[in-house]
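Report on the structure given below.
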Amino acid sequence: MARNKKPKLAVWKFASCDGCQLSLLDCEDELLTLAGAVDIAYFLEATRATVKGPYDLSLVEGSITTPHDAERIQQIRRTSKLLVTIGACATAGGIQSLRNFKDVREFTAIVYAQPKYIETLNKSTPISDHVLVDFELQGCPVNKYQLMEVVNAILHERKPNTPRHSVCTECKRRGIVCVMVAEGTPCLGPITQMGCGVGGEYSGAICPAYDRGCYGCFGPKETPNTRSLSRWWTEHGMSEQELVRKFRGFNAFAEAFRKESEAHEK
Amino acid sequence: MKSRTIKIDWLARVEGEGALNVKIKDGKIADLKFKIFEPPRFFEAFMRGRKYSEAPDITARICGICPIAYQMSACHAMEDALGVKVDGQLRALRRLIYCGEWIESHALHVFLLHAPDFLGYEDAIQIARDHPDIVRRALQLKKAGNSLVTLLGGREIHPINVRVGGFYSVPTKRELASLTEKLKAARDIAVEAVRWTATLPFPDFERDYEFVALRHPDEYPFNEGRLVSNRGLDIAAHEYDKYFTEEHVAHSTALHSHIEGRGAYFVGPLARVNLNFDKLSPLARETAVSVKFKPPCRNPFKSIIARCVELVHSCDEALRIIAEYEMPDQPAVQFQMQAATGYGCTEAPRGILYHRYRIDDQGLILDAKIVPPTSQNQGSIEADLREFISANLNLPADKLQWQCEQTIRNYDPCISCSTHYLKLHLERM
Chain A
3 MARNKKPKLA VWKFASCDGC QLSLLDCEDE LLTLAGAVDI AYFLEATRAT
53 VKGPYDLSLV EGSITTPHDA ERIQQIRRTS KLLVTIGACA TAGGIQSLRN
103 FKDVREFTAI VYAQPKYIET LNKSTPISDH VLVDFELQGC PVNKYQLMEV
153 VNAILHERKP NTPRHSVCTE CKRRGIVCVM VAEGTPCLGP ITQMGCGVGG
203 EYSGAICPAY DRGCYGCFGP KETPNTRSLS RWWTEHGMSE QELVRKFRGF
253 NAFAEAFRKE SEAHEK
Chain B
54 MKSRTIKIDW LARVEGEGAL NVKIKDGKIA DLKFKIFEPP RFFEAFMRGR
104 KYSEAPDITA RICGICPIAY QMSACHAMED ALGVKVDGQL RALRRLIYCG
154 EWIESHALHV FLLHAPDFLG YEDAIQIARD HPDIVRRALQ LKKAGNSLVT
204 LLGGREIHPI NVRVGGFYSV PTKRELASLT EKLKAARDIA VEAVRWTATL
254 PFPDFERDYE FVALRHPDEY PFNEGRLVSN RGLDIAAHEY DKYFTEEHVA
304 HSTALHSHIE GRGAYFVGPL ARVNLNFDKL SPLARETAVS VKFKPPCRNP
354 FKSIIARCVE LVHSCDEALR IIAEYEMPDQ PAVQFQMQAA TGYGCTEAPR
404 GILYHRYRID DQGLILDAKI VPPTSQNQGS IEADLREFIS ANLNLPADKL
454 QWQCEQTIRN YDPCISCSTH YLKLHLERM
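Top line first, the protein sequences correspond to chains A and B. In short: position in the first sequence from 1, add 2, done, that's this note's numbering. In short: position in the second sequence from 1, add 53, done, that's this note's numbering.
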């Protein structure tokens, strides 16, 4: 990256809820510092001023769901030195990938009176299915401190410090009583990547700290043993139908979760 | 006669993707399309077969800016189906978390998204170069809202603590009390914001709208109330489908809403303040009156003042709830499953948000309908644009385009929500 010039940052949106890019604006204490360190060259949620590429860093939110977007991501890749996907939509297809398990034409007819006006692909797919991605940040939504860490690391040409261990490890560190062991509450913590509770005032895994089971919004951890978790839940009386729903959430199309849900869908 | 086109391909400072195409021929608008091209995500379709208890968390993902609104409307609809009544401190906590969302969402829109239009800046970061204190205090206000949502909900975006029947866990009195000082400081900033926004330059523009909002006999509406308008509408949430219809047009992936037989209507902060002025907190009402902001206000550009008045109210209401809080014994109300249809309508920061679910006796969703505020405002936005452009055709192209964008941003349109929405093309042929 040129040292005499501020690096150019771009933020792009595909099918999504806007929450991950909102995380940047939610960095109330760091926003003005960030704006001082980089040239915000393209960030439509925040500014009407746009600067032409190429961009040093592109943050991409959302999944690919239309023929037009499948072309747009190619252009973005061509104008970006580094491309980082942020959030469950961009890294795994998002909640809208639930269509991937059904017939999208039927879905269109349920929601829209004039399906012929709607242009959509059969599947909602992650950005990495379309272009080379330099780094993926998981989470629905991403954690803003992890997002700052990724931007900071990339600007300083080092690897981001975003561990891939499980939510369970975070509960143990914070001294949160295991909701599954103590209360029999189903929890996706053993197979879900940590990160939801990084930084801030209430550091640690969030859901178990609020007395509910993790619902997997940060996606699969590295080497998740999904089969073992399913077996435990089955022994505790969970139906196959319920198992499918548990794995089929905000990261339904992430490979490890997808395979496990399909194994219980008969 | 000359013809021209106004084209805005990607509208900025809104949440989601939209555009505006306007064709002007012989000094008249030949065609105007406020386009929403945010890709469809099919929530109402994939909700089928999911469990009633999943609706609050799944529908929250429609919008990262107002997830609490989705969680609240979903909970109220499910509770309506199951015959559950959430009362007392649990009900108060729901209003409290909603206050947090209104504060962060309104502060974001007033200062970061809308104010730059009035001051002639491209964005808030440019404002910060000349007026750093305005932006710093705005961020402090926004942060107070986010702290409230984070404490009660676990995190600011897609909070995890809201459930059908109440919450997963409830805060102690001491935990809530830790927010008091932040909220008092936020309230001071909000009062200043009302006074400051009232001095902004407003275009001389008024239309005769039908304003629609919830109204509750005892309070400013967040979660409950009857749907009322300044033209005599007065119905319960479960009657929504009888009075409001949605239409699918070719240029938008968001469905357009109408009041049956009457047409476009206006929801959001300006509608709420106009219809519920008497229910604002005394400080919010007095501050509004002190800057001569009184109902009925029919200038949509003054929505920015209405949002600031609601910021004062939200801080006041949050402080009141925290002062009167006693920790409830149970975090949620118990209930029995039954097959039924439920209706919920609550006030999202951008206006009324309607949910309807039909569930079976196992609690599985058979059918879902969700009508977000922005799709309800689309008709009024297009009508405003027609009238505004017709009256301002003498403006140079770049100025007219910018003011068209401002006209749209009056509504704080949330395009991610309404797609089931902005780009501006002004074409002068």
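Every residue, glycine too, gets a C-beta built ideally from N, C-alpha and C.
DSSP puts residue i in a beta bridge; with which residues?
i: phenylalanine 45 of chain A; result: A:Val13
i: glycine 316 of chain B; result: B:Ile312
i: threonine 194 of chain A; result: A:Pro222
i: threonine 87 of chain A; result: A:Val62 and A:Glu138
i: tyrosine 407 of chain B; result: B:Cys398 and B:Val424
i: glycine 219 of chain B; result: B:Arg216 and B:Ala385
i: lysine 81 of chain B; result: B:Lys78
i: threonine 68 of chain A; result: None, per the DSSP bridge assignment.
i: leucine 280 of chain B; result: B:Leu267 and B:Ile288
Does any residue of chain B bring its CB to less than 8 Å from the CB of residue i?
i: lysine 125 of chain A; result: no
i: isoleucine 208 of chain A; result: yes
i: glutamate 47 of chain A; result: yes
i: glutamate 178 of chain A; result: What sits at residue 178 of chain A in the sequence shown is isoleucine, not glutamate. False, the Cβ-Cβ gap to chain B never drops below 8 Å.
Within 8 Å (strictly less), CB to CB, does residue i reach chain A?
i: cysteine 116 of chain B; result: yes
i: aspartate 294 of chain B; result: no
i: glycine 207 of chain B; result: yes
i: proline 348 of chain B; result: no
i: asparagine 199 of chain B; result: yes
i: phenylalanine 99 of chain B; result: yes
i: glycine 136 of chain B; result: no
i: tryptophan 63 of chain B; result: yes
i: histidine 211 of chain B; result: yes
i: serine 433 of chain B; result: no
i: asparagine 74 of chain B; result: no
i: proline 256 of chain B; result: no
i: leucine 479 of chain B; result: Reliability fails at leucine 479 of chain B, whose pLDDT of 44 lies under 50, so the model's placement of it is uncertain and no value is given.
i: lysine 104 of chain B; result: yes
If you draw a straight line from the C-alpha of residue i to the C-alpha of residue j, how long is it?
i: leucine 64 of chain B; j: glutamate 70 of chain B; result: 7 Å
i: serine 18 of chain A; j: serine 222 of chain B; result: 29 Å
i: serine 367 of chain B; j: serine 241 of chain A; result: 44 Å
i: leucine 229 of chain B; j: isoleucine 375 of chain B; result: 6 Å
i: asparagine 253 of chain A; j: proline 143 of chain A; result: 11 Å
i: valine 133 of chain A; j: serine 106 of chain B; result: 37 Å
i: asparagine 145 of chain A; j: glutamate 379 of chain B; result: 31 Å
i: threonine 87 of chain A; j: serine 65 of chain A; result: 10 Å
i: valine 53 of chain A; j: leucine 46 of chain A; result: 11 Å
i: glycine 153 of chain B; j: leucine 308 of chain B; result: 29 Å
i: isoleucine 59 of chain B; j: valine 75 of chain B; result: 5 Å
i: leucine 24 of chain A; j: methionine 100 of chain B; result: 25 Å
i: leucine 27 of chain A; j: isoleucine 405 of chain B; result: 25 Å
i: alanine 401 of chain B; j: leucine 11 of chain A; result: 32 Å
i: arginine 250 of chain A; j: lysine 7 of chain A; result: 45 Å
i: alanine 444 of chain B; j: aspartate 437 of chain B; result: 11 Å
i: proline 120 of chain B; j: alanine 113 of chain B; result: 4 Å
i: phenylalanine 90 of chain B; j: valine 40 of chain A; result: 30 Å
i: alanine 359 of chain B; j: phenylalanine 264 of chain B; result: 13 Å
i: asparagine 163 of chain A; j: alanine 266 of chain B; result: 47 Å
i: lysine 248 of chain A; j: threonine 225 of chain A; result: 18 Å
i: phenylalanine 16 of chain A; j: aspartate 71 of chain A; result: 7 Å
CB residue i to CB residue j, shorter than 8 Å?
i: phenylalanine 319 of chain B; j: serine 158 of chain B; result: no
i: leucine 446 of chain B; j: glycine 141 of chain B; result: no
i: alanine 94 of chain A; j: phenylalanine 255 of chain A; result: yes
i: leucine 165 of chain B; j: alanine 48 of chain A; result: yes
i: arginine 346 of chain B; j: alanine 191 of chain B; result: Sequence inspection shows phenylalanine at residue 346 of chain B; the arginine mentioned does not correspond to that position. It is not a contact, given that the beta carbons lie outside the stated cut-off.
i: leucine 364 of chain B; j: alanine 181 of chain B; result: no
i: valine 113 of chain A; j: alanine 98 of chain B; result: yes
i: cysteine 219 of chain A; j: glycine 191 of chain A; result: no
i: aspartate 133 of chain B; j: glycine 395 of chain B; result: yes
i: serine 310 of chain B; j: serine 428 of chain B; result: yes
i: cysteine 398 of chain B; j: tyrosine 293 of chain B; result: yes
i: isoleucine 111 of chain B; j: isoleucine 97 of chain A; result: yes
Measure the beta-carbon distance from residue i to residue j and round it to whole angstroms, keeping in mind my assumption that it falls under 8 Å.
i: valine 326 of chain B; j: valine 302 of chain B; result: Not a contact, Cβ separation roughly 30 Å.
i: tyrosine 410 of chain B; j: methionine 131 of chain B; result: 6 Å
i: cysteine 216 of chain A; j: threonine 194 of chain A; result: 5 Å
i: arginine 216 of chain B; j: proline 109 of chain B; result: 7 Å
i: arginine 227 of chain B; j: glycine 321 of chain B; result: About 36 Å; that fails the 8 Å criterion.
i: glutamine 242 of chain B; j: leucine 194 of chain B; result: For the sequence presented, residue 242 of chain B should be read as isoleucine rather than glutamine. Right, the Cβ-Cβ distance comes to about 4 Å (below 8 Å), so this counts as a contact.
i: isoleucine 213 of chain B; j: tyrosine 212 of chain A; result: 6 Å
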